[in-house]
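Beneath this line is the structure, given in structure tokens, with notes to follow.
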Amino acid sequence: MNNIKVVAFDCDGVMFDTVKANTAYYNNILNYFDKPDMTHEQFAYSYMHTADEAIAKLFEDKKSFEQAQVFRKHMSYIPFLKYMEIEPHLKPLLKRLRPEYKTAVATNRADTMKRVLIEHDLEEYFDLVVSALDVENPKPSPDPLIKILEHFNIEPGQLIYIGDSKLDELAAKAAGIPLIAYKNSSLSADLYINSLKELENILL
1092 MNNIKVVAFD CDGVMFDTVK ANTAYYNNIL NYFDKPDMTH EQFAYSYMHT
1142 ADEAIAKLFE DKKSFEQAQV FRKHMSYIPF LKYMEIEPHL KPLLKRLRPE
1192 YKTAVATNRA DTMKRVLIEH DLEEYFDLVV SALDVENPKP SPDPLIKILE
1242 HFNIEPGQLI YIGDSKLDEL AAKAAGIPLI AYKNSSLSAD LYINSLKELE
1292 NILL
């Protein structure tokens, strides 16, 4: 880890426990159209993918998908922010990482990411945030991580990525970037941690 210059985080499942927030958000959309709550399979998919991809999964025919998209884009995510639970040690970790390291976010969240950082007073702790709106192809494409490499003008071995899903694994592998798996021992990763406190011990 001696060559690392930038530490990048996934959002959902790493920076925040967003199970309750995402469940409430997508169930609200489904219920508006008189559909039942998400199944376990639907939730697992929506948890990792972009909102557009999740809606396509939940509303599979073209007409209902288009209607759901219109509704979603006019629906504020703000009421669901209260269900997001910040991961223990995140803010102390971010404070300690700087100025030795640059920090970034690579997430499949789109228009909600900025609001999440504002609501939790985290904007000042990140030098770069790459959302699904900032790249042509979101994860599992390596595009978000490549964008971070290009922004900081660094080599793949100088960036470490903390992720918790198969999409994170695939993106990191395609970009040639070391992955730290967070609370998911089933991933193929360079290191495995179950708390952000462990990351502090690794990097500092």
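Numbered by this note's numbering, the letters in the sequence shown go through residues 1092 to 1295 in order.
Glycine included, every Cβ here is placed at the ideal spot set by N, Cα and C.
Owing to the predicted nature of the structure, the values given are computational and were not obtained by experimental measurement.
Can you give the Cα-Cα distance for Glu-1227 and Leu-1295, rounded to whole angstroms?
34 angstroms
Once DSSP output is grouped into helix, strand and coil, what is the label at Tyr-1252?
strand
Do Ser-1222 and Thr-1194 have their beta-carbon atoms positioned less than 8 angstroms apart in this structure?
no
For Ala-1201, three-class secondary structure by DSSP
coil
Candidates Pro-1183, Asn-1113, Thr-1141, of which the one nearest Thr-1130 by Cα
Asn-1113
Where are the alpha helix (DSSP H) runs, 4 residues long or more, that stay fully inside the segment 1158 to 1218, in chain order?
1181 to 1188, 1204 to 1210
Determine whether the beta carbon atoms of Ala-1159 and Phe-1107 lie at a separation below 8 angstroms.
In this structure, Ala-1159 lies away from Phe-1107, with their beta-carbon atoms at least 8 angstroms apart.
Do Thr-1109 and Asp-1101 have their beta-carbon atoms positioned less than 8 angstroms apart in this structure?
no
Identify whether Ala-1265 lies in helix, strand or coil by the three-state DSSP scheme.
helix
Within the same chain, show all residues whose beta-carbon is closer than 8 angstroms to that of Ile-1120, passing over the 5 residues directly before and after it, in chain order.
Ile-1146, Leu-1149, Ala-1159, Phe-1162, Arg-1163, Met-1166
When the distance is taken between beta carbons, is Asp-1255 closer than 8 angstroms to Val-1105?
yes
Let me check one thing: in DSSP terms, what residues is Tyr-1283 bridge-paired to?
Ala-1272
Could you tell me the distance, in whole angstroms, from the CA atom of Asn-1285 to the CA atom of Glu-1151?
36 angstroms
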